[in-house]
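J.: The sequence shown: position 193 = 193 (the working numbering), numbered continuously. From the three backbone atoms N, C-alpha and C, an ideal C-beta is built for every residue, glycine too. Only a predicted model underlies this, so the values are computations on that prediction, with no experimental measurement involved.
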Amino acid sequence: MRPTKDNYYQAVVVVSPMWDGEEKKDQDRAVWYEASQAACICDAVTSSPYGVKAADLAIIFSLVLFSGGVKSILRTLCNLLIALRAEKLHSEIHLPNDTPAAMQPVLQEVARRSIECSYQTTLVAAKFAPENGTVLVSVVRCGDSMFLAFDTNGQVLACYPANQTAQGCSVNNKADESFSASSRGRFVFGPGDQVLARVFGILADYPRIAEKIWIRPEHRNKWLVCQVLDKCASRTLSDRSRESHIVAVQYGGRLVVPIYLAGKTIRIGSSNYVSFPYSRTIRTAKNPVQVTDFHHRGAATAVLPDHFFSGGWTHLQDRFPLDAEFILCSDGFYDSFKDPSELWSWLKEHQEDIHTPSKRGGLIDGLHDRLRQQSSDDDISYVWVYPRESKRPGSSHMPDPRRRWQMDIKEVPSRQESGPMLPGICDRSAASVGWLYRRHAASNLILG
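#1: Just to confirm before moving on: does the CB-CB distance between Leu196 and Ser275 stay below 8 Å?
#2: By alpha-carbon positions, which one of Glu116, Pro17 and Asp230 ends up nearest to Gly190?
#3: Compute the beta-carbon to beta-carbon distance between Ile209 and Val225, rounded to the nearest angstrom, for a pair I have assumed lies under 8 Å.
#4: Please state whether DSSP places Val274 in a helix, a strand or coil.
#5: Does the Cβ-Cβ distance between Gly68 and Ala302 come in under 8 Å?
#6: Please name the residue, chosen from Pro357, Trp346 and Trp313, that lies closest to Met146 on a Cα-to-Cα basis.
#7: Does the beta-carbon of Pro321 have 16 or more other beta-carbons within 10 angstroms, so that it is buried, or is it exposed?
#8: If you draw a straight line from the C-alpha of Asp125 to the C-alpha of Ala285, how long is it?
#9: What is the DSSP secondary structure of Pro49, counted as helix, strand or coil?
#10: Are the CB atoms of Ser270 and Arg198 within a distance shorter than 8 Å?
#11: Take Ala111 and list the residues in its own chain whose beta-carbon comes closer than 6 Å to its own, dropping the five residues that flank it on each side.
#12: If you check the beta carbons only, do Asp20 and Asp331 fall under 8 Å apart?
#13: Start and end of the beta strand (DSSP E) containing Leu74?
#14: Suppose the cutoff is 6 Å on Cβ atoms and the five residues either side in sequence are ignored; what does the same chain contact list for Lys458 look like?
#15: Just verifying my parser: in three-state terms, what is the DSSP assignment at Ile334?
#16: Taking His368 as part of the alpha helix (DSSP H), name the residues at either end of that continuous run.
#17: Three Cβ pairs or more, each shorter than 8 Å: is that satisfied between the stretch 380-388 and the stretch 41-58?
#18: Taking Lys53 as the reference, which of Arg29, Asp369 and Gly253 has the closest Cα?
Structural data, given as structure tokens:
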């Protein structure tokens, strides 16, 4: 099948229940919708009655989750789960015939309390939409399931934390102030913003910065070192999580930006400029965040439907290179590994067997053994999303990103070609960037 915008990615879906003697847990659900280019993982809560039914319903709803307003569709699902719970609470509770009369009220009360927490599941879902040379990924998550993105060399581009708290792993910079707080002397931007920056060069030419932000030598040609200049708002991306996902840098400070985010490079005089949208992959050179170990072993997690109504869920969007690969997984899968790098290495080492159903079972049995050795076994599920074979890395010559960036330059020679002053940099036009450059030069904000 020839890859198109509507079927650019394919996926491997793996679900492996935990066995405890003769008893099977089987509470994970996973799906890849080819036509919709969407994936979903649901992990029913073990202690929640009818949790598996909640996971089954969430998987069905994930087919239409991104077809309209995400929040309204998720609310419909949660209202349905709450209604099913209410029906169970109002149903008669049947106890075994030999239950002593004195114990019946106590056991019925215990059962009712248990049903109050019924129909609970975690969820992570993602939709992949190639556009303008990148892929726009929309992610919805609630609970301890995880979304990860890697470039073709295994560099972690995204590792959205398992929980809203500090648990999980992160490769993102998070400002120490809210978006609405005072930002005197600081340049603050977040979801929905477009940024203008002066390009200093390729990260490979700045080894001290690269070492500080934990980017390995083989990945450094894919990043730019930039000086932030200005921003403008954009309505093209969801900004639901605007205040909790922001980047803050001192004016004139340096950002490290993946090349795939940058638009056409504009040369004005002897300097190069780019504009790019906000992304969680952007890092600051001063306060980098290292990718840490997976350290989710807590017993508590956010769940649907309860934490939807208290705001304990996230809907975010981000852009990645078209040849990136993505993992959606339950805690049983990522708990089998120390960190994202180990997870990626395992996938690549065993990718042939993973794509062979007859050999896949033995690999997953090995992961169950790891879990039992660490603490306790669990259901394992993941969806591995990657470009179709004709677009896979190695299928054709991939130009050096550094060379491609150097060639992708447009001259802006004069003020007469600078165009209108608005709408700023949102349209990535050379005219707008030229005007903004001259505005900053006049106000001495561009450093020599």
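T.: Considering the structure as presented:
#1: Cβ atoms of Leu196 and Ser275: closer than 8 Å.
#2: Asp230
#3: 6 Å
#4: Val274 falls in the strand class under three-state DSSP.
#5: no
#6: Trp313
#7: buried
#8: Residue identity differs from the one stated: residue 125 is Ala in this sequence, not Asp. For Ala125 and Ala285, the distance between alpha carbons rounds to 31 Å.
#9: coil
#10: no
#11: Ile93
#12: No.
#13: Run containing Leu74: none in the beta strand (DSSP E); it sits in the alpha helix (DSSP H), Val70 to Leu89.
#14: Residue 458 is absent from the structure shown; the chain starts at 1 and stops at 448.
#15: Before going on, a small fix: residue 334 reads as Tyr here, not Ile. Under the three-state reduction of DSSP, Tyr334 is assigned to helix.
#16: Pro357 to Gln374
#17: They touch, by the three-pair rule.
#18: Arg29
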